[in-house]
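Asks:
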Amino acid sequence: MNIFRLTGDLSHLAAIIILLLKIWKTRSCAGISGKSQILFALVFTTRYLDLFSSFISLYNTVMKVIYIMCAYATVYLIYGKFKATYDGNHDTFRVEFLLIPVVLLAVLINHAFAPMEILWTFSIYLESVAILPQLFMISKTGEAETITTHYLFFLGLYRTLYLFNWIWRFYFEGFFDLIAVVAGLVQTILYCDFFYLYITKVLKGKKLSLPA
Amino acid sequence: IIARTQHDEL
C-alpha cells in the first residue's frame with residue numbers, strides 16, 4: 485500500500501458516497517446516467533468475485549463489500565425508488581458499443597486464459613469506458629448539477645492517483661501490470677476535458693455548462 | 161516484469 489493508492493481508494497469511495505447521498509438527499513437522480521451506474525455495478529461484480537476465493541486483507545475485503553453494496557444501492561435508487569426522476573430521454577448512450585469490444589478485448593488480450601482472469605480483465609477494460617454514458621448525457625443536456633461535477637471529479641481523480649500508484653509500485657516493488665496501466669491511462673484521458681471545465685468553471689463558483 | 165494474476169488492488 486502507498487499514499488497514492490490509499491488516497492485513490494478514498495477518492496473513489498468519496499465519489500461513490502457523494503453520488504449516493506446526492507440521490508438520497510435530493511430524492512432525485514436528475515442528470516445521472518443510470519447506464520453508467522449499471523456498468524460500474526458490473527465492473528465491481530466481475531472484479532470482486534475473488535471475495536469468495538482469496539483473502540488479501542481486511543481493508544481489501546471491506547472496501548470491496550462497500551463498493552458493491554453502494555453500486556447496487558445506487559442502481560436501485562435510480563431504476564427503483566426514484567425512477568420517476570430518471571432522465572431516460574438523455575441517457576441514450578448505446579452501451580452495447582462498449583460491451584462488445586470490451587468482451588472481445590478481454591478474451592483476446594489478458595494475462596491468462598482462465599475464467600477469473602478474463603472476468604478481471606473485462607472489468608478493467610469496462611471500467612475505463614464506463615463513464616462515457618454519463619459524459620455523453622452531460623453533453624446532451626449541456627449542463628450538470630454542481631454536486632454531480634464533484635462526483636465526477638473524485639471519480640476521475642481516483643484513477644489518476646492510481647497511475648501514480650503504479651509508477652510508485654514499479655519503482656519500489658518492481659510491480660507492473662500493463663493491462664491495468666493502459667486501461668487506467670485511457671480512463672484518465674477521458675476525464676481531461678471534464679477536469680478542464682471543472683477547474684476553470686466549477687472551482688470558480690460557476691455552473692458547469694457545455695457550449696450547447 | 162510480468163504481472164501475476166493475483167490482483168491485490170481494488
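Going line by line, the protein sequences match chains V and H. Taking this note's numbering, the leading residue of the first sequence gets 485, the next gets one more, and so forth. Taking this note's numbering, the leading residue of the second sequence gets 161, the next gets one more, and so forth. Don't be surprised by glycine CBs; every beta carbon is placed ideally from N, CA and C.
(1) What are the residues of the segment 595-608 of chain V that lie near chain H, defined by any Cβ-Cβ distance shorter than 7 Å?
(2) Strictly below 9 Å CB to CB, what residues from chain H border V:Arg489?
(3) Between the Cα of V:Ile631 and those of V:Val686, V:Ala667, V:Leu647 and V:Tyr563, spot the shortest distance and give me the residue it belongs to.
(4) Measure from the alpha carbon of V:Thr625 to the alpha carbon of each residue in V:Ala514, V:Leu494, V:Tyr680 and V:Gly492, then state which is nearest.
(5) Determine the DSSP secondary structure at V:Glu629, reduced to helix, strand or coil.
(6) Alpha carbon to alpha carbon, what distance is there between H:Thr165 and V:Met547?
(7) In this structure, does DSSP put V:Leu698 in helix, strand or coil?
(8) If you compare alpha carbons, which of V:Ile550, V:Ala525, V:Gly658 and V:Lys519 is closest to V:Phe577?
(9) Between V:Leu588, V:Gly658, V:Gly640 and V:Met600, which has its C-alpha nearest V:Leu669's C-alpha?
(10) Any idea what DSSP makes of V:Gly492, helix, strand or coil?
Replies: Walking through what the data contain:
(1) His595, Ala596, Glu601 and Trp604
(2) Taking the first sequence and counting its residues from 1, one reaches residue 489 of chain V at position 5. Those are Glu169 and Leu170, listed as they occur along chain H.
(3) One-based indexing of the first sequence puts residue 631 of chain V at position 147. Checked all of V:Val686, V:Ala667, V:Leu647 and V:Tyr563; the closest Cα to V:Ile631 is V:Val686.
(4) Residue numbering aside, residue 625 of chain V sits at position 141 when the first sequence is read from its first letter. The candidate whose alpha carbon is nearest that of V:Thr625 is V:Ala514.
(5) One-based indexing of the first sequence puts residue 629 of chain V at position 145. Coil, per DSSP.
(6) On the first sequence, position 63 is the one that residue 547 of chain V refers to. On the second sequence, position 5 is the one that residue 165 of chain H refers to. Looking at the two C-alpha atoms, the distance is approximately 20 Å.
(7) What is shown of chain V runs 485 to 696, which leaves residue 698 of chain V out entirely.
(8) Position 93 of the first sequence holds residue 577 of chain V. Ranking the options by Cα distance to V:Phe577, first place goes to V:Lys519.
(9) Within the first sequence, residue 669 of chain V is the residue found at index 185, counting from 1. The option with the nearest alpha carbon to V:Leu669 is V:Gly640.
(10) Counted from its first residue, the first sequence places residue 492 of chain V at position 8. The answer is helix: DSSP assigns V:Gly492 an H, G or I state.
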